[in-house]
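Student: If you're matching positions, the sequence shown starts at 1 in UniProt numbering and goes up one per residue.
We treat Cβ as the ideally placed atom computed from N, Cα and C, and that holds for glycine.
All figures in this text were calculated on a predicted structure; none of them were measured in a lab.
Next up is a structure, given as structure tokens.
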Amino acid sequence: MATSLIQLGTESRRIILPIIMFFGTLGNSLNIVVLTRPALYNHACSRYFLALACTNLFSASVILTFRLLSDGYQLDVTRTSIILCKTVSFFSQTSAISSSFLTVVTSIDRFCASSSNVRLRSFSNVKVSRWVILFILISIALFHLNTLIMTELRSTDTLGCRIRGDTTYKQVYTIIQSLSYAIIAPVLMAVFGTLTIYNIKKTNVAPAAGARYRRTESQLARMLILQVIATILLAAPSGAGNLIAIMANTLSTTVEFFIAYVFCQLLFYASYTTPFIMYIVSASIYRKELIRLFHKISCRRGNGQINILTNQVTPLNS
């Protein structure tokens with residue numbers, strides 16, 4: 001029974017991870033292209049979405065490749081070198097936390113943009129978004145320098161590449177890591193997402209830029225709210241599983257916990273694919289820009305084929 005459950009977890013990773021990697025890479029690549037188009041790029045919220053798309057693209061294409069090799073095929077490259085061990089651990093953890101907290105600051109931006117308070121609305125602008133994104137990424141990277149220092153690869157045990165909880169500082173650090181995206185990030189998303197909905201229902205803020213700007217801002221708010229809901233539902237179970245795993249208890253050593261933890265991880269990885277779906281569902285401006293992008297690509301391809309045919313026909317007529 002135990003062996004079959006472990007095999008189920010391994011096979012699930014082999015099947016589901018490539019699917020997540022494909023749609024995560026494709027969806028986030030399209031997000032980056034669409035969000036840099038003029039109709040969306042000059043909005044602060046789009047800059048946060050763009051940073052989130054870059055982070056998720058890196059996670060889906062690079063980090064999940066290592067996870068597929070180690071968890072699906074038992075080819076753990078982090079066991080071959082201490083440098084690889086520390087580097088992969090650092091970027092794996094920073095990308096996961098960055099994804100959650102970029103969604104948090106996007107929620108705060110939408111709260112400010114929808115507020116009736118002029119001072120709060122002034123914080124929702126492109127210049128502020130650049131500094132906030134930079135601050136978030138640098139802060140997370142600095143915090144996770146601890147990972148570079150404390151992650152170990154020992155030949156004396158079977159734990160592989162990880163932080164051992166053999167000191168109080170290491171134990172506290174790993175707990176803070178798990179709390180940050182299991183509780184802190186989801187709570188902040190929920191609070192500011194709820195406040196944004198309240199502001200939208202309460203007031204009808206009219207920026208000087210006109211009706212078109214207001215429609216775009218409203219659609220960006222809908223994109224954010226759906227993304228917050230998806231992130232909380234998909235990321236929170238994995239964070240809770242990590243908290244249980246790092247605490248000394250008998251539950252974390254059972255096969256049942258292992259299989260539950262595997263599927264919680266897969267749910268978290270699936271969060272890298274959801275922004276593209278949420279944006280299509282919630283925002284007509286995103287759909288229109290995506291259709292225009294495909295139309296532009298198809299026109300260029302058609303013109304390219306016409307030029308090839310013209311070049312082939314011209315020598316025959318000369």
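Nearest-angstrom Cα distance between I225 and V281?
Tutor: Approximately 12 Å, taken between the alpha carbons.
Student: Ignore the nearest five residues each way along the sequence and tell me which others in C264's own chain have a CB closer than 8 Å to its CB.
Tutor: For C264, where only same-chain residues beyond five positions count, the Cβ hits under 8 Å are P237, S238, A240, G241.
Student: Please state whether DSSP places R164 in a helix, a strand or coil.
Tutor: Reduced to three states, the DSSP call for R164 is coil.
Student: In the DSSP assignment, what are the bridge partners of E152?
Tutor: According to DSSP, E152 bridges with R162.
Student: With distance defined between alpha-carbon atoms, name the residue in T25, Y181, M21, V34 nearest to R67.
Tutor: The shortest C-alpha separation from R67 is found at M21.
Student: On the three-state DSSP scale, how would you describe S115?
Tutor: Coil, per DSSP.
Student: Taking the runs of the alpha helix (DSSP H) that are 4 residues or longer, which of them lie wholly in the segment 55-86?
Tutor: Listed in chain order, the complete alpha helix (DSSP H) runs (minimum 4 residues) inside the segment 55-86 are 64-67.
Student: Can the beta-carbon of V62 be found less than 9 Å from the beta-carbon of F91?
Tutor: Yes.
Student: Let's test the definition: count the other Cβ atoms within 10 Å of the Cβ of P186 and tell me whether it reaches 16, buried, or not, exposed.
Tutor: By the neighbour-count rule (16 or more Cβ atoms within 10 Å), P186 is buried.
Student: Can at least three beta-carbon pairs, one atom from the segment 159-167 and one from the segment 118-132, be found at a separation below 8 Å?
Tutor: No contact exists between the segment 159-167 and the segment 118-132.
Student: Please confirm whether E152 and I246 have their CB atoms less than 9 Å apart.
Tutor: No, they are not a contact pair.
Student: Helix, strand or coil for N42? Go by DSSP, reduced to three states.
Tutor: Coil, per DSSP.
Student: Assuming S116 and I200 are in contact, meaning their beta carbons sit under 8 Å apart, how far apart are those beta carbons, in whole angstroms?
Tutor: Actually they are not in contact, since the Cβ atoms of S116 and I200 sit about 11 Å apart, beyond 8 Å.
Student: Can you tell me which of L52, P275, L220 puts its alpha carbon nearest to the alpha carbon of S124?
Tutor: If we check each option's Cα against that of S124, L220 comes out closest.
Student: State the CB to CB distance for the pair F276 and N31, rounded to an integer number of angstroms; the pair is presumed to be in contact (CB under 8 Å).
Tutor: So it is a contact: roughly 6 Å between Cβ atoms.
Student: By Cβ distance below 8 Å, which residues in the same chain neighbour A208 in space, the five residues on each side in sequence not counted?
Tutor: Any reading at A208 needs caution, since the residue's pLDDT is 45, under 50, leaving its predicted position unreliable; the model's value is listed next. Same-chain partners within the cutoff: there are none.
Student: Judging by CA-CA distance, which residue of Y41, R110, F135, S180 is the nearest neighbour of T194?
Tutor: Among Y41, R110, F135, S180, the Cα nearest to that of T194 belongs to R110.
Student: Given this structure, state the Cα-to-Cα distance separating S271 from L120, to the nearest angstrom.
Tutor: Those two C-alpha atoms are separated by around 30 Å.
Student: Below 8 Å, can you find three or more Cβ-Cβ pairs linking the segment 27-44 to the segment 7-14?
Tutor: No, they do not touch.
Student: Can you give me the C-alpha to C-alpha distance between R79 and T174, rounded to a whole angstrom?
Tutor: Approximately 20 Å between the Cα atoms of the pair.
Student: Compare the C-alpha of L290 against each of L69, S29, Y198 and name the closest.
Tutor: Taking only the C-alpha atoms, the option nearest L290 is S29.
Student: Tell whether a beta-carbon distance below 9 Å holds between G24 and T273.
Tutor: In this structure, T273 lies closer than 9 Å to G24 by Cβ.
Student: Would you identify the three-state DSSP class for F123, choosing helix, strand or coil?
Tutor: In the structure shown, F123 sits in coil (DSSP, three-state: anything other than H, G, I, E or B).
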